[in-house]
Amino acid sequence: MFLADISICRVKMRLSSSCQIVNRCIFLFFFPIAVVLLDTTSVLGELGWKTYPINGWDAITEMDEHNRPIHTFQVCNVMEPNQNNWLRSNWISRQAAQKIYVELRFTLRDCNSIPWVSGTCKETFNLFYYETDETHGVKFKPVQYTKIDTIAADESFTQMDLGDRILKLNTEVREVGPITKKGFYLAFQDIGACIALVSVRVYYKKCPFTLRNLASFPDTVPRVDSSSLVEVKGACVDHAEERDTPKLFCGADGDWLVPLGRCVCSIGYEEIDGSCMACHPGFYKAYAGSIKCSKCPPHSFSYGEGASVCRCEKGFFRAEKDPPTMACTRPPSPPRNLMFNLNDTCLMLLWSPPSDTGGRRDLTYNVQCKRCGPDPNRCQLCEEELRFLPRHLGLINATVAVTDFAAHANYTFEIESLNGVSDMSTFPRQVAIITVSTDQGGPSLVRALKKDWASPNSIALSWQKPEPATVPVLDYEVKYHEKEHEQLSYSSTRTKAPSVIVSGLKPTTWYVFSVRSRSAAGYSSYSPKYEYETTGDSSDLASDQGQVLVIVTAAIVLIYKMCISSVPFPGVKTYVDPDTYEDPTQAVHEFTKEIDPCRIRIERVIGAGEFGEVCSGRLRTPGKKEIAVAIKTLKGGYVDRQRRDFLREASIMGQFDHPNIIRLEGVVTKMFYVCVFAGRPVMIVVEYMENGSLDSFLRQHDGHFTVIQLVGMLRGIASGMKYLSDMGYVHRDLAARNILVNSNLVCKVSDFGLSRVLEDDPEAAYTTTGGKIPIRWTAPEAISYRKFSSASDAWSYGIVMWEVMSYGERPYWEMSNQDVILSIEEGYRLPAPMGCPVALHQLMLHCWQKERNHRPKFTDVVTFLDKLIRNPSSLLPLVEDIQSLPESPLEEMEYPMFISVGEWLDSIKMSQYKSNFMSAGYNTLDSVATMSIEDVRRIGVDLIGHQRRIVSSVQTLHLQLLHEHEKGFHV
1 MFLADISICR VKMRLSSSCQ IVNRCIFLFF FPIAVVLLDT TSVLGELGWK
51 TYPINGWDAI TEMDEHNRPI HTFQVCNVME PNQNNWLRSN WISRQAAQKI
101 YVELRFTLRD CNSIPWVSGT CKETFNLFYY ETDETHGVKF KPVQYTKIDT
151 IAADESFTQM DLGDRILKLN TEVREVGPIT KKGFYLAFQD IGACIALVSV
201 RVYYKKCPFT LRNLASFPDT VPRVDSSSLV EVKGACVDHA EERDTPKLFC
251 GADGDWLVPL GRCVCSIGYE EIDGSCMACH PGFYKAYAGS IKCSKCPPHS
301 FSYGEGASVC RCEKGFFRAE KDPPTMACTR PPSPPRNLMF NLNDTCLMLL
351 WSPPSDTGGR RDLTYNVQCK RCGPDPNRCQ LCEEELRFLP RHLGLINATV
401 AVTDFAAHAN YTFEIESLNG VSDMSTFPRQ VAIITVSTDQ GGPSLVRALK
451 KDWASPNSIA LSWQKPEPAT VPVLDYEVKY HEKEHEQLSY SSTRTKAPSV
501 IVSGLKPTTW YVFSVRSRSA AGYSSYSPKY EYETTGDSSD LASDQGQVLV
551 IVTAAIVLIY KMCISSVPFP GVKTYVDPDT YEDPTQAVHE FTKEIDPCRI
601 RIERVIGAGE FGEVCSGRLR TPGKKEIAVA IKTLKGGYVD RQRRDFLREA
651 SIMGQFDHPN IIRLEGVVTK MFYVCVFAGR PVMIVVEYME NGSLDSFLRQ
701 HDGHFTVIQL VGMLRGIASG MKYLSDMGYV HRDLAARNIL VNSNLVCKVS
751 DFGLSRVLED DPEAAYTTTG GKIPIRWTAP EAISYRKFSS ASDAWSYGIV
801 MWEVMSYGER PYWEMSNQDV ILSIEEGYRL PAPMGCPVAL HQLMLHCWQK
851 ERNHRPKFTD VVTFLDKLIR NPSSLLPLVE DIQSLPESPL EEMEYPMFIS
901 VGEWLDSIKM SQYKSNFMSA GYNTLDSVAT MSIEDVRRIG VDLIGHQRRI
951 VSSVQTLHLQ LLHEHEKGFH V
């Protein structure tokens with residue numbers, strides 16, 4: 001009856017478990033692979049398993065619904081005592097396995113449901129195994145078998161289940177190992193149970209073949225020890241190369257763990273769906289790495305696939321040091337608007353840059369001079385007889401000064417523009433030509449300079465008067481120097497006669513002499529150079545009286561100054577600290593304008609300042625339109641020190657004149673009895689800013705502005721700070737609360753009084769020196785050592801940027817000042833506010849570099865923000881967008897500022913190593929951020945100081961990239 005029940009239910013069990021089998025296959029596709037050594041459900045013929053004794057286990061083979069054999073073994077001798085029935089499998093090869101798994105599927109009947117059974121019925125059976133290298137002829141000896149486990153059913157069926165034809169199938173899995181011999185037998189011992197062994201499945205696990213990080217990893221069998229991993233080195237896929245040795249570790253359960261290293265696509269290939277594919281025509285990839293193929297730069301092309309560089313179009317070139325990413329360029333056109341300015345002693349040549357620079361910035365100029373006689377076809381080069389300041393080759397500026405020219409001569413100057421590819425072109429170079437005549441009625445060249453006599457300390461010279469004699473010569477200048485010290489200095493002396501005695505010379509020394517004449521029209525050119533030697537005799541043959549000796553050092557500098565003395569240079573205004581005045585009121589009078597209080601109309605109180613109330617009102621100026629103003633007043637009962645501190649800010653503001661600096665209209669310090677004021681009137685009158693402080697304004701209009709509008713506000717603040725920095729003024733309290741906003745959203749820097757002690761400032765914290773500092777806005781060196789500079793203002797500007805992009809949120813939230821200090825020291829930086837473009841957060845991080853010399857100058861900040869405003873698409877990538885795209889590695893993003901490797905090297909003054917980084921494949925900041933000092937040495941940075949600077953900056957860069965993508969603060 002029991003065996004029939006089994007047969008009836010078997011097909012139902014197989015059908016009900018079919019979905020489980022399908023699901024299991026899907027599961028194994030993603031996870032470890034099971035290599036099956038034995039599966040009784042898949043054997044088509046007889047199993048051939050042995051039973052001991054013969055009448056113990058019964059082998060039953062039936063056909064399922066697909067006409068496939070189903071092998072089962074059953075035993076149910078529960079009525080008879082002392083059962084010891086064995087079932088042994090055939091020999092099973094272990095193949096590569098060290099640990100095997102045995103999956104048993106069986107049904108077992110509850111002994112209580114079998115009538116007339118006493119203590120002879122059992123509800124378990126035993127599982128054994130025996131290792132051996134012999135595949136046949138092994139006699140069964142139970143003593144040789146090792147017990148694996150006693151197998152019990154989780155669920156057993158009863159007599160009622162038999163009536164309903166429902167059998168409860170159990171599945172148990174046991175581990176066996178380590179297996180060291182070639183194969184093994186399994187054995188099943190029944191000691192009195194009613195059991196049907198439906199299927200036996202033997203398998204082992206392995207880590208499957210996989211592709212990871214462009215490397216392939218073969219099937220790998222794990223070790224028996226669950227705590228031990230198998231290290232597997234991967235092989236790069238086709239057209240890929242190792243960046244770091246790719247590794248995976250095979251775990252005991254067949255899982256791949258701990259991926260290390262990677263391969264990257266070689267030059268000319270990019271990663272697509274886990275393979276390295278050749279760049280299409282018109283694209284190229286010059287360096288191995290994870291970057292994509294790039295479209296050929298302008299004026300270049302690639303016809304075939306897998307191009308590593310794009311070739312230049314005809315007429316365009318790349319210089320030797322130009323990277324493959326650079327567009328092909330061409331030589332420049334000639335200079336434009338060539339002109340000259342001639343005076344008695346100096347010829348100034350000036351020109352405009354070429355209309356076409358060829359697409360390059362390395363523009364220089366060469367000047368060639370020709371002196372022609374009556375026959376224009378017979379000209380000679382004249383660079384040797386003229387002096388060019390600063391030089392005639394490799395000029396950077398579009399001007400050159402020429403001296404030592406002759407008074408009656410025609411000079412032809414050819415100016416050519418050059419850049420880095422000029423020498424590569426075979427086309428003739430175009431030049432700008434100008435002819436200059438120096439025939440201004442001046443004296444002719446002095447010739448035939450001869451030595452009349454010499455002594456140990458003197459030389460007597462004479463020469464003929466120059467022609468034409470109709471031009472009166474006023475005097476002559478004799479220039480001389482030691483022959484061996486030509487570049488160090490020279491001396492000169494003047495004489496009215498065509499002769500001179502040059503004294504004060506060294507014995508037995510060669511000297512070089514030249515002479516020029518001066519008339520009312522100016523100087524002639526110097527004569528050719530003549531060399532004469534003093535004697536070694538100690539007697540002096542002539543008197544040296546009446547001679548004028550002028551020692552001239554740095555002659556070139558003096559001549560150059562003489563040439564440009566008539567060109568005005570704009571003055572540079574410099575900030576003057578009012579505290580340097582012995583009488584502070586003098587600074588007030590010098591830098592501010594006194595206002596008659598009768599012209600001021602106070603309308604209402606709009607706030608409270610440190611010294612008194614702040615009011616709004618109107619200011620009348622004779623002949624001008626009445627304007628709105630803000631009036632700061634000094635509260636009554638003040639002492640002289642308070643009055644001095646109050647007016648100190650006006651003395652500072654009065655020195656500034658910039659559209660992004662709050663404008664001082666004037667002060668009221670004197671008593672005017674015409675008007676009635678309560679107490680002695682002391683006021684500071686400034687322009688009125690309708691929207692008040694920036695932090696409050698942003699909080700009131702949260703989310704109302706576009707990113708471009710916010711960048712415009714930041715640009716205004718940076719422009720004002722650039723002006724202050726250029727004047728040498730350090731603000732020390734730059735924060736959004738100290739930025740005022742007018743009705744046109746123009747932001748202006750205000751509050752210039754931090755040099756005083758901020759006794760009542762809630763944003764301040766005491767320092768060791770007793771003063772107070774706004775901790776959340778202040779650079780680390782200013783907090784620790786009170787080192788304030790434009791660099792510390794740049795740090796504060798980064799905080800202001802964060803305030804603006806977060807619409808006035810409090811920096812560092814509710815952290816205490818002490819926690820802020822500790823967090824910054826540990827490298828923490830504020831994360832990007834929601835909706836903040838990557839470019840702006842990168843600029844913030846740049847402002848927050850620990851090394852103050854690495855922070856951007858305000859000039860750089862203004863230039864960068866101008867770029868963003870002109871190119872709004874650079875503001876589209878947001879920080880949170882990058883964080884939400886894990887499939888798009890950061891190294892494939894285009895960083896808009898301070899983020900390309902080239903600009904990063906520029907910022908740390910290491911531009912000369914750009915080609916080293918590019919050639920070595922370090923063309924993204926993410927790759928640079930992982931560099932060690934060994935990597936820096938390997939790419940060719942040999943100077944120790946440069947190595948240290950780069951490694952130090954790499955650490956800062958790594959910190960920037962890390963914090964750029966953090967969503968929140970974690971202590």
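Numbering of the sequence shown is given in the UniProt record's numbering, commencing with residue 1 and proceeding in unit increments. Backbone N, C-alpha and C fix where the C-beta goes; we use that ideal spot for every residue, glycine too.
Given residue i as reference, the closest of the options once Cα atoms are compared
i    : options                : result
Q98  : P53, N77, S113, I179   : I179
V861 : T435, W802, L714       : L714
Y512 : E305, T158, V951, I459 : It should be noted that the sequence gives Val, not Tyr, for residue 512. Answer by Cα proximity: I459.
L875 : Q842, L830, Y130       : Q842
R360 : K181, I272, P259, D322 : D322
L925 : L905, R174, Y575, F301 : L905
M844 : F184, L37, Y797        : Y797
Y101 : R663, P53, A735, Y204  : Y204
M931 : Y913, H946, V951, S919 : V951
D733 : L381, G48, W777        : W777
E690 : D702, P456, S616       : S616
R201 : G119, E175, F317, T325 : E175
T585 : K635, V668, R311, G536 : V668
Within 8 Å, strictly: CB atoms of residue i and residue j
i           : j    : result
residue 973 : E414 : Because residue 973 is not part of the residues shown, which for the chain are 1 to 971, the question remains open.
R699        : E781 : no
N397        : L363 : no
Y284        : S294 : yes
V221        : A34  : no
S492        : K479 : yes
F697        : Q655 : no
S517        : Y476 : yes
I191        : F106 : no
I627        : L619 : yes
Three-way DSSP call (helix, strand, coil) for residue i in this model
i    : result
H841 : helix
V951 : helix
N170 : strand
H280 : coil
A718 : helix
T553 : Because T553 sits at a pLDDT of 28, beneath the cut-off of 50, its placement in the model cannot be relied upon, and the following sentence gives the value as read from the coordinates. In the structure shown, T553 sits in a strand (DSSP, three-state: E or B).
C847 : helix
V143 : helix
N853 : helix
C369 : strand
S458 : coil
One or two residues paired with residue i in a DSSP bridge
i    : result
T220 : C207
S302 : S302 pairs with nothing; no bridge assigned.
T364 : L418
Close beta carbons around residue i, own chain, < 6 Å, minus the five adjacent residues each side
i    : result
A587 : P578, Y581, S651
T767 : With a pLDDT of 39 at T767, under the threshold of 50, the modelled position of this residue cannot be trusted, and the question is left open.
V173 : Y101, E103
K50  : R88
Chain B contact for residue i (CB, 8 Å cutoff)
i    : result
L830 : This model lacks chain B altogether, as it is built from one protein chain only.
Same chain, Cβ closer than 8 Å to residue i, neighbours up to 5 away in sequence not counted
i           : result
V746        : P659, N660, G716
V232        : C207, F217, P218, T220, K247, L248, F249, C250
residue 982 : As displayed, the chain neither begins before 1 nor continues past 971, which places residue 982 out of reach and without an answer.
V237        : L211, L214, A215, S216, C263, G274, S275, C276
Own chain partners of residue i with C-beta closer than 7 Å, once the 5 adjacent residues on each side are dropped
i    : result
G720 : H658, N660, I661, K748, V749
R737 : S693, D695
V954 : V928, A929, M931
L229 : F249, C250, G251, L257
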